[in-house]
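Residues in the sequence shown are numbered from 72 upward in steps of one, following this note's numbering. In this text, a Cβ means the ideal position worked out from N, Cα and C, and glycines have one as well. Every value quoted in this text rests on a predicted model; they were computed, and no experiment measured them. In what follows, a structure is listed as structure tokens, so that the remarks can point back to it.
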Amino acid sequence: MTMLKPSTSLVELHLHEIPRVAMKTAQKLAAAVAANVNAANPRAATIGDLLHHLPMRYEDRSNLTKIGGLKNGEYATIEVEVRVAGTYAVKGGKLRIFECSAVDRTGQIRAIWWNQAYLQKTLTRGTRVLLYGQWKRGRRGFFEIENPDYELLSDEEEQIDPIHRARRVPVYRKLGEIRTKQLRSIMYYVLERLDASSIKELLPADIIARNGLIGRLEAYRQIHFPAEDSPIEMYNQMRSPAHQRLIFEEFFWLVFAVGLRKQGREEAPKGAIIKTGDRVREAVRRVLPFKPTSAQKRVLREIVNDMTGPKPMNRLLQGDVGSGKTIVAIQAAVVAMESGYQAAMMVPTEILAEQHSRNVKRLLSKSPYRVELLMGSLSAAKKRELYEAVSSGEINLLIGTHALIQEGVRFQKLGFVVIDEQHRFGVLQRAELMKRGYNPDVLVMTATPIPRSLAMTVYGDLDVSIIDEMPPGRKPVITKVRSEDARAKIYKFLEQTIQKGRQVYIVYPLVEESEKLDLMAATQMAERLSTEIFPGHRVVLVHGKMKQDEKDRAMEEFRTGSAEIMVATTVIEVGVDVPNANVMVIEHAERFGLSQLHQLRGRVGRGGEQAYCILLAGDKRTSEARERLAIMEETTDGFRIAEKDMEIRGPGEMMGTRQAGLPDFRIGNLVRDQTLLEAAKREADLLIKEKQETHEFSRLVEIVKKQPKYRLASIG
Ligand code: ADP
Ligand code: MG
Numbered sequence: 072m073t074m075l076k077p078s079t080s081l082v083e084l085h086l087h088e089i090p091r092v093a094m095k096t097a098q099k100l101a102a103a104v105a106a107n108v109n110a111a112n113p114r115a116a117t118i119g120d121l122l123h124h125l126p127m128r129y130e131d132r133s134n135l136t137k138i139g140g141l142k143n144g145e146y147a148t149i150e151v152e153v154r155v156a157g158t159y160a161v162k163g164g165k166l167r168i169f170e171c172s173a174v175d176r177t178g179q180i181r182a183i184w185w186n187q188a189y190l191q192k193t194l195t196r197g198t199r200v201l202l203y204g205q206w207k208r209g210r211r212g213f214f215e216i217e218n219p220d221y222e223l224l225s226d227e228e229e230q231i232d233p234i235h236r237a238r239r240v241p242v243y244r245k246l247g248e249i250r251t252k253q254l255r256s257i258m259y260y261v262l263e264r265l266d267a268s269s270i271k272e273l274l275p276a277d278i279i280a281r282n283g284l285i286g287r288l289e290a291y292r293q294i295h296f297p298a299e300d301s302p303i304e305m306y307n308q309m310r311s312p313a314h315q316r317l318i319f320e321e322f323f324w325l326v327f328a329v330g331l332r333k334q335g336r337e338e339a340p341k342g343a344i345i346k347t348g349d350r351v352r353e354a355v356r357r358v359l360p361f362k363p364t365s366a367q368k369r370v371l372r373e374i375v376n377d378m379t380g381p382k383p384m385n386r387l388l389q390g391d392v393g394s395g396k397t398i399v400a401i402q403a404a405v406v407a408m409e410s411g412y413q414a415a416m417m418v419p420t421e422i423l424a425e426q427h428s429r430n431v432k433r434l435l436s437k438s439p440y441r442v443e444l445l446m447g448s449l450s451a452a453k454k455r456e457l458y459e460a461v462s463s464g465e466i467n468l469l470i471g472t473h474a475l476i477q478e479g480v481r482f483q484k485l486g487f488v489v490i491d492e493q494h495r496f497g498v499l500q501r502a503e504l505m506k507r508g509y510n511p512d513v514l515v516m517t518a519t520p521i522p523r524s525l526a527m528t529v530y531g532d533l534d535v536s537i538i539d540e541m542p543p544g545r546k547p548v549i550t551k552v553r554s555e556d557a558r559a560k561i562y563k564f565l566e567q568t569i570q571k572g573r574q575v576y577i578v579y580p581l582v583e584e585s586e587k588l589d590l591m592a593a594t595q596m597a598e599r600l601s602t603e604i605f606p607g608h609r610v611v612l613v614h615g616k617m618k619q620d621e622k623d624r625a626m627e628e629f630r631t632g633s634a635e636i637m638v639a640t641t642v643i644e645v646g647v648d649v650p651n652a653n654v655m656v657i658e659h660a661e662r663f664g665l666s667q668l669h670q671l672r673g674r675v676g677r678g679g680e681q682a683y684c685i686l687l688a689g690d691k692r693t694s695e696a697r698e699r700l701a702i703m704e705e706t707t708d709g710f711r712i713a714e715k716d717m718e719i720r721g722p723g724e725m726m727g728t729r730q731a732g733l734p735d736f737r738i739g740n741l742v743r744d745q746t747l748l749e750a751a752k753r754e755a756d757l758l759i760k761e762k763q764e765t766h767e768f769s770r771l772v773e774i775v776k777k778q779p780k781y782r783l784a785s786i787g
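Take a look at the structure:
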């Protein structure tokens, strides 16, 4: 028997040597695996990729339930023989049902499948079949099941390939056209031809021992064909030794790569030499329009400590929406400018850039510093003028969007970089901005509270400061979930709010697939509100597709209070600060993620008044949506909301995977496997701290370097 390598392309596999697997299957399999593994960046699928198509569940077929032993509501597999089968139409012929009754020695069951009439060719009288699903006791006392998974049995096949029965078996999700049984044969064949020389152990022996992990080859074998020595439930919960081992390894490479990145940065020589003293302290104090909270004072100290220290700063400033991060960043920028360096502040939207620039210009109006705003929508001539003033050093603080990392931008002496709402940017963009200075101090800020596990991976290379205190006088926003029938009442409430001299936001979701329709809905809504519902008030509309000057005008009207109502898409999610607005209505709230709702809600409650957030949800809310929205009613704690959001939607969705530079884990799950993540992090830290000089260390670094997936983690 020839041994295989995991890197062997699937096309080279002689799959036709497997019983019942035809020649064409290899190609089909290769295509399906490739599409599955890496749709964005196609390459030839390998055996390694195939092995990562993990069972979706496991069945213990050594001990199958008999019909006589079924319990109502139970999920179980039974082995039966088909007696009667047939197809009939229901609902005026719109749906076709295939029904069969089948037996074992202890009883009879009834199974139906919706719209799968082709089954009549397969499940004919006398066929032996395994059925899996949830069993319910039906009308005549028989157990019944709808759309069960099925797997055909034949004695003849059993002779050739005795891996489908009388043992623990993996059940796979269909891969292209290839179904579980065939996949099982293929996996078995492949695993038989892999040995310890092809699936080499990569982790150091002491790490394996300390964490009680099983070997790598063993793990791959068992994850597909469970060993008998741990309960099958552990496999089904992805907690078997095989799962633990592979999850640990997956986390390990990532946190190791992140750790290396952090260390590399700290060793790079720092360009800017920043000093503090009475003069600087006075300059910093002068920009303060209010008394800072003690949390603000503390984080500023942490930041300035980094800036004046020997290593370049890489700090994450976390603070819930409205906690007052901006002023801290500006004070830090002043410290850098006082030492003669330029500062840059990058933000994700033009609206926010504009707002920051207006604030900063006001705060620094008595200082000698020149502050400018750079955005993509400026004229070419204006941009050129700014480029020149930046490279000559005339501009001290440059605020802007992605435009800051365009080709033309060259700083004379960039010493300090702030990235606001970091979660909207990728790791790569952070890297890009850093390159523009000579290893400047970097402060990234985010209001999306980052669950611990994410903080360790995506942001694992950053030191963290937290503002855990709100400016005085803030009352938590009162949040209510309402449905369509409350609309009239809500409008009345908005009217009263406006009568009291306050302003309101009405937010529309913009879902990419239906962006045009949504935009239309928002536009029509603004129209209706201003002509029919609130004819006496001024309504402005803001959305991302508007021209810059239109957006500016609308924002300006709202900020100065000449417009009482702003209808907006989620462009206002980040940063927008109009303290007089204290009611927000969010339409189709069920379409937003929790973190996003939290961000949006953070736009109100910035003045001293009690603020309200009304979540309007469609009537057809699912129970999941209801549960989600209820969390918004219950708490204003951003961390709790983020944890919940991550639990419900997964970290990728929650953070916007690509934007956040979050790798897709193949097996690991940042929510479920937090303990393993922490263990992997401990080991990686230990290696970096104590084992740098060893061979083992260089070997591990080589492995990380070779994996494109972790390259992202090691730059930036
Ligand atoms: P975020 O952390 O969400 O970026 P901002 O920096 O926009 O929050 O601050 C939110 C609001 O709170 C702003 O209007 C800001 O002027 C105000 N603010 C910040 N710090 C204080 C403080 N210590 N006292 C009073 N108001 C403050
Ligand atoms: Mg902000």
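Less than 8 Å separating the beta-carbons of residue i and residue j?
{"i": "residue 666", "j": "residue 696", "result": "no"}
{"i": "residue 152", "j": "residue 135", "result": "no"}
{"i": "residue 661", "j": "residue 700", "result": "yes"}
{"i": "residue 676", "j": "residue 651", "result": "no"}
{"i": "residue 213", "j": "residue 167", "result": "no"}
{"i": "residue 132", "j": "residue 240", "result": "yes"}
{"i": "residue 343", "j": "residue 407", "result": "yes"}
{"i": "residue 492", "j": "residue 418", "result": "yes"}
{"i": "residue 611", "j": "residue 331", "result": "no"}
{"i": "residue 518", "j": "residue 391", "result": "yes"}
{"i": "residue 565", "j": "residue 654", "result": "yes"}
{"i": "residue 579", "j": "residue 596", "result": "yes"}
{"i": "residue 285", "j": "residue 312", "result": "yes"}
{"i": "residue 183", "j": "residue 217", "result": "yes"}
Determine the closest residue to residue i out of the options, with distance taken between C-alpha atoms.
{"i": "residue 356", "options": "479, 401, 384", "result": "401"}
{"i": "residue 169", "options": "353, 178, 187", "result": "187"}
{"i": "residue 128", "options": "463, 226, 297, 199", "result": "297"}
{"i": "residue 375", "options": "403, 459, 382", "result": "403"}
{"i": "residue 323", "options": "92, 751, 777", "result": "751"}
{"i": "residue 607", "options": "299, 570, 104, 595", "result": "570"}
{"i": "residue 173", "options": "684, 202, 382", "result": "202"}
{"i": "residue 290", "options": "686, 366, 125", "result": "125"}
{"i": "residue 657", "options": "649, 706, 705, 576", "result": "576"}
{"i": "residue 120", "options": "78, 295, 649", "result": "78"}
{"i": "residue 533", "options": "671, 337, 189", "result": "337"}
{"i": "residue 413", "options": "352, 483, 253", "result": "483"}
{"i": "residue 178", "options": "137, 164, 288, 171", "result": "137"}
{"i": "residue 209", "options": "244, 226, 143", "result": "143"}
DSSP state of residue i, grouped into three classes?
{"i": "residue 378", "result": "helix"}
{"i": "residue 153", "result": "strand"}
{"i": "residue 58", "result": "Nothing about residue 58 can be reported from this structure: the residues present for the chain run from 72 to 787 only."}
{"i": "residue 185", "result": "strand"}
{"i": "residue 370", "result": "helix"}
{"i": "residue 79", "result": "coil"}
{"i": "residue 398", "result": "helix"}
{"i": "residue 282", "result": "coil"}
{"i": "residue 339", "result": "coil"}
{"i": "residue 579", "result": "coil"}
{"i": "residue 250", "result": "coil"}
{"i": "residue 728", "result": "Its pLDDT being 41, under 50, residue 728 is placed unreliably by the model, and the measurement read from it follows with that caveat. Residue state, collapsed to three classes: helix."}
{"i": "residue 462", "result": "helix"}
{"i": "residue 319", "result": "helix"}
{"i": "residue 552", "result": "strand"}
{"i": "residue 241", "result": "strand"}
For residue i, would you say it is in contact with chain E, using Cβ-to-Cβ distances shorter than 8 Å as the test?
{"i": "residue 376", "result": "Annotation note: the requested chain E is absent from the structure, which comprises a single protein chain."}
Discussion item. Between the region 644-658 and the region 508-517, can you find at least three pairs of beta-carbon atoms closer than 8 Å?
Written reply: Segments in contact, no.
Item to complete: Could you tell me whether the region 379-393 touches the region 459-467, where touching means 3 or more Cβ pairs closer than 8 Å?
Response: Below 8 Å, too few C-beta pairs join the region 379-393 and the region 459-467 to call them touching: fewer than three.
Worksheet item: Do the region 541-550 and the region 357-365 make contact, defined as three or more Cβ pairs closer than 8 Å?
Response: Result yes; three or more Cβ-Cβ pairs closer than 8 Å.
Fill in: At least 3 beta-carbon pairs within less than 8 Å: the region 733-751 vs the region 314-321
Taking 8 Å as the limit for Cβ pairs, the verdict is that the region 314-321 does touch the region 733-751.
Worksheet item: Just checking, does the region 441-449 make contact with the region 470-481 on the three C-beta pairs under 8 Å criterion?
Response: Cβ pair count under 8 Å is three or more, so yes.
Worksheet item: Are the region 188-201 and the region 93-107 touching, with three or more C-beta to C-beta distances below 8 Å?
Response: Contact between the region 188-201 and the region 93-107 is not established, with fewer than three Cβ pairs separated by less than 8 Å.
Worksheet entry | contact_flag[the region 420-428, the region 548-557] where n(CB pairs < 8 Å) is 3 or more | These segments do not touch.
Fill in: Entirely enclosed alpha helix (DSSP H) segments - the region 655-729, minimum 4 residues
The qualifying runs are 665-672, 694-705, 709-726.
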